[in-house]
Amino acid sequence: MAVGGRGGHSDALGRRRSEDRGSSSWSARPGFLAFWRTPHACADGARHRVHDAATELDCLRGVLAPALLRAAECRARELDVGAERVLIQWGMIDEEAYLRRLAFHLDLPLADLSTADRADCPSSDRQVAAAAETGLIPLRQDGELVWVLAPTIRHTARTLCRVLDRLPNLRGRLRLTSAAALQRFLMQQGRDAIAGAATCDLQQRFAAMSAAPGHAAGPMWRQRLRRFAGLLGLAMPAMIAPGLVANLLAVWFMGFAALRLTACFWPRAAQRPRRRRPDATLPIYTVVAALHREERSVAGLVAAIEALDYPLEKLDVILVIEPNDLATRAAIARLGPRPHLRVLIAPPVAPQTKPKALNCALAFARGSFIAVYDAEDQPEPGQLRAALDTFDRHGATTACAQASLCIDNITHSWLSRTFAAEYAGQFDRLLPGLSEMNLPLPLGGTSNHFRTDVLRAIGGWDPYNVTEDADLGFRLARFGYRSVSFASTTYEEAPITFDNWRRQRARWMKGFIQTWLVHMRHPLRLWRDIGPRGVLALNLIVGGNLLTALVHPLFLGIALASLAGAWLELPAVLQPSPPSPLHWLAIAAGYASTIVVGLRGLAGRGQLRLGFVLLLTPAYWICLSIAAWCAVAQFVWRPYYWEKTVHGVAKRAKAPLPGVAAGPAIRRATNSVSDPRRLLRASASC
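If you're matching positions, the sequence shown starts at 22 in the working numbering and goes up one per residue.
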């Protein structure tokens, strides 16, 4: 499969980017705004040279202890960040108080966004949404247009000081605000723009790749009738020629089993030793988690994120919660202030899904890369650095890196043990094999790492697809980008009760239906985009998972009844044809591939002692069939309903990782001052 340049979507993407730039009203902005957004001013790495003076700290000299300021400057040089970010990050400065000092020092007014209205901002909705990332927005105040700036982790106070040194006459047109104040303004006054971007961006830009209902969808009863009729039409051939369809399905299932075994045994490229990047060259990394009723899990998640081997000054952590989720909001508040962590309230608009919440975070993301985690996740500390190394090795056409997922609550039930074996095979054998075969990956819903610019360019996540991960893997391929697997593990909690497991698996199966229907909407266009191997992969992986679960009870029932001679009691017209050798071979291939892939995965994890649970594969497949038929019913009746998986109820084998510590110079400087924050507060009135 050719990764790029096949079909028209790459060209359309380029045209879309050009249109966005050309149509923007930012072209009329003053010279400093172009400087503010140019790569040399704001790009990750090489922004702050060693010989640069930390002019952003001039406003604090005589306010904070000299030792503390020197330590902040030293760490800022080590990380290539603004020195004020170091002080803010480690709690030495409150951001609002620092901005008051900076504004006084630079002779800049502070913007009062609490009195501003959406009508005061002349930007389009798309530009308002973009302001969340740039920290820059135009406002009309007192009859004139001014530019409100919020220094952030990406657009630092030092950049602002440089701009004003070069263009001092701009002071009359600038206002300062904090990133938190700008975020509040955008979520309140720009909520329609943020909500529109989160729910409609993909549909408006690439409608053929969206699972959203069309503008002419009609009333709900008509949509349900249309979906039911569509599924009935797909099933009609089986009613007309059941024998032929059964044989074709058997071939399909054997193809699915063959692909899984091929990927499982496909040779792996030799893993070269990872080169540890100097901290100064690390990009800003956004970590996102969409939470809903996760009050029991959020503390462990935040602890695991803070234990990542990555400078906190370069971490941009976003937790997205639903408006009515007061328990999770309270649990986050109990964690105390964390300058690197932001909480966003998802827009109260339909659909209420994880991908819509992720799209909301995408508008506010400041990092060049984005990692997505779930509430129960415990990623290995080196995962972000490992992902960056993967992007470096595979080049610019690689837009997503998928880490392995491992179940760590294997003692609760046979379901959690079977889940562990399934994940070991899926993420340690199957996905790495598909990656080596250069096929599109059905991504896992967590521990995905993306290039932020690519993710935005292709429309983000589909808010109407409840298996947004698998859909996104194939959409990336259609735009000419690769998804690859890499060797780093995130530990997860498996459902321990059948009802919780069934809800999760039914959602996945419903999403597979959506993903298959979306991408097979125009088969010839799909063929041009990803080639015959990509089309085959979509139908075998997504279609194979779904059809195997749906048809398995029928195949197994016919086979067992044939063995038992149960047909003899039925009238001749009702007796089905006895199963053919192809029929038996399909069943055996399905079971064998599941067991072999699972055993290989468990062996690689050193958990082969759990292999006995794979003897229950036929029973597990019956459970999958129940979930799959629930998914079909939900697809007809409630296609965009997100069934919640309950987390935080299992005993985890892996304890939360300890948080990171400040650098030695920062610790020594902090210890030398009784309360540096008190000194700053005392001077805040200047």
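All residues carry an ideal CB built from backbone N, CA and C; glycine is no exception.
In terms of alpha-carbon separation, which member of the options lies closest to residue i?
{"i": "E315", "options": "G632, S509 and A351", "result": "A351"}
{"i": "S506", "options": "G555, S456 and R546", "result": "S456"}
{"i": "A219", "options": "G112, P258 and N380", "result": "N380"}
{"i": "M458", "options": "F286, F206 and I305", "result": "F286"}
{"i": "L567", "options": "Q535, L577 and I551", "result": "Q535"}
{"i": "I428", "options": "I353, F412 and H668", "result": "H668"}
{"i": "A140", "options": "F125, N345 and I158", "result": "I158"}
{"i": "L383", "options": "R659, A97, W482 and F448", "result": "W482"}
{"i": "H540", "options": "A570, L108 and A498", "result": "A498"}
{"i": "D550", "options": "A290, F500 and A527", "result": "F500"}
{"i": "L577", "options": "A371, P400, Q148 and Y612", "result": "Y612"}
{"i": "A491", "options": "L436, C421 and Q628", "result": "C421"}
{"i": "R212", "options": "F519, G552, L545 and V370", "result": "V370"}
{"i": "R179", "options": "T411, L78, V634 and G251", "result": "L78"}
{"i": "R617", "options": "R281, H433, W605 and T510", "result": "Arg is not the amino acid found at residue 617; the sequence shown has Val there. Checking every option, the nearest Cα to that of V617 belongs to R281."}
{"i": "R317", "options": "A311, A348, R296 and T307", "result": "A348"}
{"i": "L203", "options": "Y661, G480 and C142", "result": "C142"}
{"i": "Y331", "options": "A408, E489 and R289", "result": "A408"}
In this structure, does DSSP put residue i in helix, strand or coil?
{"i": "A64", "result": "Residue confidence for A64 is low, a pLDDT of 43 falling below 50, so the modelled location carries little weight; the figure read from the coordinates is stated next. Note: A64 maps to coil in three-state DSSP."}
{"i": "I647", "result": "helix"}
{"i": "H69", "result": "Because the pLDDT of H69 is 47, which lies under 50, any placement of that residue in the model is unreliable, and the question is left without a value."}
{"i": "I391", "result": "strand"}
{"i": "I428", "result": "strand"}
{"i": "T10", "result": "Residue 10 falls outside the range modelled here, since the chain spans only 22 to 707, and no answer is possible."}
{"i": "Y641", "result": "helix"}
{"i": "S456", "result": "helix"}
{"i": "F500", "result": "coil"}
{"i": "V309", "result": "strand"}
{"i": "L131", "result": "strand"}
{"i": "V505", "result": "strand"}
{"i": "L354", "result": "The residue asked about is misnamed: residue 354 is Ala in this sequence, not Leu. The answer is helix: DSSP assigns A354 an H, G or I state."}
{"i": "Q292", "result": "coil"}
{"i": "A613", "result": "helix"}
{"i": "C421", "result": "strand"}
{"i": "Q373", "result": "coil"}
{"i": "W47", "result": "Residue confidence is low: W47 scores 39 on pLDDT, short of 50, so the model does not pin down where it sits. Its coordinate-derived value is still stated next. Residue state, collapsed to three classes: helix."}
{"i": "Y444", "result": "helix"}
{"i": "R298", "result": "coil"}
{"i": "T511", "result": "strand"}
{"i": "P304", "result": "coil"}
Below 8 Å on the Cβ atoms is my guess for residue i versus residue j; work out the distance and round it to an integer in Å.
{"i": "G156", "j": "A137", "result": "That pair is no contact at about 16 Å."}
{"i": "R542", "j": "A267", "result": "Going by Cβ atoms, the distance from R542 to A267 rounds to 27 Å, so no, they are not a contact pair."}
{"i": "G619", "j": "G446", "result": "4 Å"}
{"i": "A558", "j": "P461", "result": "6 Å"}
{"i": "L123", "j": "C80", "result": "5 Å"}
{"i": "V309", "j": "L362", "result": "So it is not a contact: roughly 11 Å between Cβ atoms."}
{"i": "Y444", "j": "L464", "result": "Not quite, the Cβ-Cβ distance comes to about 14 Å (not below 8 Å), so this is no contact."}
{"i": "T615", "j": "T638", "result": "5 Å"}
{"i": "W658", "j": "K375", "result": "Their Cβ separation, rounded to whole angstroms, is 20 Å, which puts W658 and K375 out of contact at 8 Å."}
{"i": "G564", "j": "D449", "result": "Actually they do not touch by this definition, with Cβ atoms about 24 Å apart."}
{"i": "L191", "j": "A152", "result": "With 8 Å as the limit, L191 and A152 do not qualify as a contact, their Cβ atoms being about 18 Å apart."}
{"i": "I517", "j": "N430", "result": "7 Å"}
{"i": "I305", "j": "G388", "result": "4 Å"}
{"i": "A214", "j": "V319", "result": "Not really, about 28 Å apart at Cβ, beyond 8 Å."}
Grab the span of the beta strand (DSSP E) containing residue i for me, first residue to last.
{"i": "Q162", "result": "L157 to Q162"}
{"i": "L365", "result": "L362 to I366"}
{"i": "I342", "result": "L336 to I342"}
{"i": "H470", "result": "N469 to R472"}
{"i": "W168", "result": "E165 to L170"}
{"i": "R196", "result": "L195 to L197"}
What span of residues does the alpha helix (DSSP H) with residue i cover, start to end?
{"i": "E99", "result": "P87 to L100"}
{"i": "Y119", "result": "E116 to L127"}
{"i": "A178", "result": "A178 to R187"}
{"i": "V272", "result": "P263 to F286"}
{"i": "R526", "result": "F519 to H540"}
{"i": "W663", "result": "Per DSSP, W663 belongs to no alpha helix (DSSP H) and is neither H nor E."}
{"i": "R406", "result": "Q404 to H415"}
{"i": "F482", "result": "The question names Phe, but residue 482 in the sequence shown is Trp. Counting along the chain, W482 falls outside any alpha helix (DSSP H), and DSSP gives it neither H nor E."}
Is there contact here, the region 464-481 with the region 385-400, by at least three beta-carbon pairs under 8 Å?
yes
Does the structure place the region 560-567 close enough to the region 270-278 that three or more beta carbon pairs sit under 8 Å?
yes
Cβ contact check for the region 364-378 and the region 335-342: 3 or more pairs under 8 Å:
yes
Using 8 Å as the Cβ pair cut-off and three pairs as the minimum, do the region 319-338 and the region 294-303 touch?
yes
Does the pairing of the region 645-663 with the region 523-533 give three or more beta-carbon distances under 8 Å?
yes
Is it the case that the region 167-181 contacts the region 102-110, given that we only count it when at least three CB pairs across the two stretches are under 8 Å?
yes
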